[in-house]
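**Student:**
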Amino acid sequence: MAGKRSKGKKSIVKWIAGAAAVFLLLAAAGFFVQIRDVTVTGNNRCSSEEITRILFPTPKERSLVYCYLKDRFGEHEKIPYVEDYDLVFESPTRVEVIVYEKGIVGYVRYMSSYMYFDKDGIIVDSTNERLEGVPEVTGLEFGHIVLYAPLPVEDSRIFSEILGLTQALYDYEIQAEEIHFGSRNQVTLRLGDIDVELGDSENMNGKIAALHDTLPVLEGQAGTLYLDSYDEAGTSGTYTFKKKDLG
52 MAGKRSKGKK SIVKWIAGAA AVFLLLAAAG FFVQIRDVTV TGNNRCSSEE ITRILFPTPK
112 ERSLVYCYLK DRFGEHEKIP YVEDYDLVFE SPTRVEVIVY EKGIVGYVRY MSSYMYFDKD
172 GIIVDSTNER LEGVPEVTGL EFGHIVLYAP LPVEDSRIFS EILGLTQALY DYEIQAEEIH
232 FGSRNQVTLR LGDIDVELGD SENMNGKIAA LHDTLPVLEG QAGTLYLDSY DEAGTSGTYT
292 FKKKDLG
């Protein structure tokens, strides 16, 4: 009886050893399998070529096993404008990179560069190129800027105001070139040849709605529209527009 048990244990040990050997052989073979095809989806700000270059800079990163283990247990790479990404292994040689981009709300000028920041005020990229549809934010006082760190302003609550304003502009399909914060955070928009005085952040959605309704009347004109007198009750039915000579 003892002999049968001993043989049974030896068989189990041999089976485990064999399975481990097969696993190691497959893992070793996997290191030599190279990912050849990379598809990137969900990206608008950063090009597919740039993302592929960052994630797969050398043949080592294209190793199937290395790529899988790094994605599963390692830290993800930092990619401009990207919050996070997922790797989907469609086959041993094909990978899809699903990108989740950060919401860029504006940029500031700093040392001849455009510094783009997200809704939390985090600097996500520094570049010499202007991104279409992203407004410049002026009037903020800040210190030394570090990439991937918060824009060092005195009151970080300003970013929630910027987010609310840019979201309202997006909802009404209004594209502003510049958002300026003056004294006591009084807001002025620049839309081509028209400046819009919005005042403080109170009733901002209503002000942008009024701006949306007024802009068609001002098409082709230049000057300053004063919406700082807007009130939610609608007691101020008309707004002042001071024309400016383009000549």
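In the working numbering, the protein residues as written are 52 to 298.
Note that CB positions come from ideal geometry on N, CA and C, so glycine has one too.
(1) Ordered along the chain, which non-local residues of its own chain (more than five positions away) have a Cβ less than 6 angstroms from that of residue 248?
(2) Less than 9 angstroms between the C-beta atoms of residue 227 and residue 214, yes or no?
(3) Have a look at 123, 127, 116 and flag the residue whose alpha-carbon is nearest the alpha-carbon of residue 102.
(4) For the alpha helix (DSSP H) that residue 257 lies in, which residues bound it at each end?
(5) Mind listing, in chain order, the continuous alpha helix (DSSP H) runs of no fewer than 4 residues lying wholly within the stretch 74-144?
(6) Which residue's Cα is closest to the Cα of residue 246: 235, 253, 107, 266?
(7) Tell me the rounded alpha-carbon separation between residue 186 and residue 204.
(8) Please name the residue, chosen from 272, 282, 255, that lies closest to residue 293 on a Cα-to-Cα basis.
(9) Ignoring anything shorter than 3 residues, give me the beta strand (DSSP E) runs that lie fully in the stretch 183-227, in order along the chain.
(10) Please go through the same chain and pick out, in chain order, the residues whose beta-carbon is closer than 7 angstroms to the beta-carbon of residue 194, but skip the five residues on each side of it.
(11) On the three-state DSSP scale, how would you describe residue 234?
(12) Judging by CA-CA distance, which residue of 175, 95, 144 is the nearest neighbour of residue 299?
(13) Under 6 angstroms Cβ to Cβ from residue 73, same chain only, skipping five residues before and after it: list those, please.
(14) Identify the continuous beta strand (DSSP E) that holds residue 281 and give its terminal residues.
(15) Could you pull the start and end residues of the beta strand (DSSP E) that residue 164 belongs to?
(16) Between the Cα of residue 260 and those of 281, 179, 92, 137, spot the shortest distance and give me the residue it belongs to.
(17) In angstroms with no decimal places, state the Cα-to-Cα distance between residue 169 and residue 255.
(18) Considering just the uninterrupted stretch of the beta strand (DSSP E) at residue 249, what are its terminal residues?
(19) Find out if the Cβ-Cβ distance for the pair residue 145, residue 113 is shorter than 9 angstroms.
(20) Assuming residue 149 contacts residue 133 (C-beta within less than 8 angstroms), just tell me the rounded distance between them.
**Tutor:** In this structure, then:
(1) Here the question's residue 248 lines up with position 197 in the sequence shown. Here the set comprises 239, 277, 279.
(2) Taking the first residue of the sequence shown as 1, we reach residue 227 at position 176. Taking the first residue of the sequence shown as 1, we reach residue 214 at position 163. Cβ distance not < 9 angstroms, so residue 227 and residue 214 don't count as in contact.
(3) As a position in the sequence shown, residue 102 is number 51, starting the count at 1. That would be 127, whose Cα lies nearest to the Cα of residue 102.
(4) The residue labelled residue 257 in the question sits at position 206 within the sequence shown. Looking at the DSSP string, the run of the alpha helix (DSSP H) that includes residue 257 is 255-265.
(5) 99-106, 115-124
(6) If you number the sequence shown from 1, residue 246 lands on position 195. It is 266 whose Cα lies nearest to the Cα of residue 246.
(7) Within the sequence shown, the letter at position 135 stands for residue 186. Within the sequence shown, the letter at position 153 stands for residue 204. Those two C-alpha atoms are separated by around 18 angstroms.
(8) Counted from its first residue, the sequence shown places residue 293 at position 242. Ranking 272, 282, 255 by Cα distance to residue 293 puts 272 first.
(9) 187-189
(10) Taking the sequence shown and counting its residues from 1, one reaches residue 194 at position 143. Answer for residue 194: 203, listed in chain order.
(11) Counted from its first residue, the sequence shown places residue 234 at position 183. Correct three-state label for residue 234: helix.
(12) Missing from the structure shown is residue 299; the chain here goes from 52 to 298 and no further.
(13) Here residue 73 refers to the residue found at position 22 when the sequence shown is read from its first residue. Bear in mind that the predicted position of residue 73 carries a pLDDT of just 48, short of 50, making it too unreliable to give a figure here.
(14) Position 230 of the sequence shown, counted from the first residue, corresponds to residue 281. Note, residue 281: premise wrong, no beta strand (DSSP E); not H, not E.
(15) Within the sequence shown, numbered from 1, the residue matching residue 164 stands at position 113. Run containing residue 164: 164-169, per the beta strand (DSSP E) assignment.
(16) Taking the first residue of the sequence shown as position 1, residue 260 is located at position 209. That would be 281, whose Cα lies nearest to the Cα of residue 260.
(17) For this step, residue 169 is matched to residue 118 along the sequence shown. For this step, residue 255 is matched to residue 204 along the sequence shown. Using only the alpha carbons, I get a separation of about 20 angstroms.
(18) The sequence position of residue 249 within the sequence shown is 198, counting from 1. Counting along the chain, the beta strand (DSSP E) containing residue 249 begins and ends at 245-250.
(19) The count along the sequence shown starts at 1 and reaches residue 145 at position 94. The count along the sequence shown starts at 1 and reaches residue 113 at position 62. Taking 9 angstroms as the Cβ cut-off, residue 145 and residue 113 do not qualify as a contacting pair.
(20) Reading the sequence shown from its first residue, position 98 is the one you call residue 149. Reading the sequence shown from its first residue, position 82 is the one you call residue 133. About 11 angstroms; that fails the 8 angstroms criterion.
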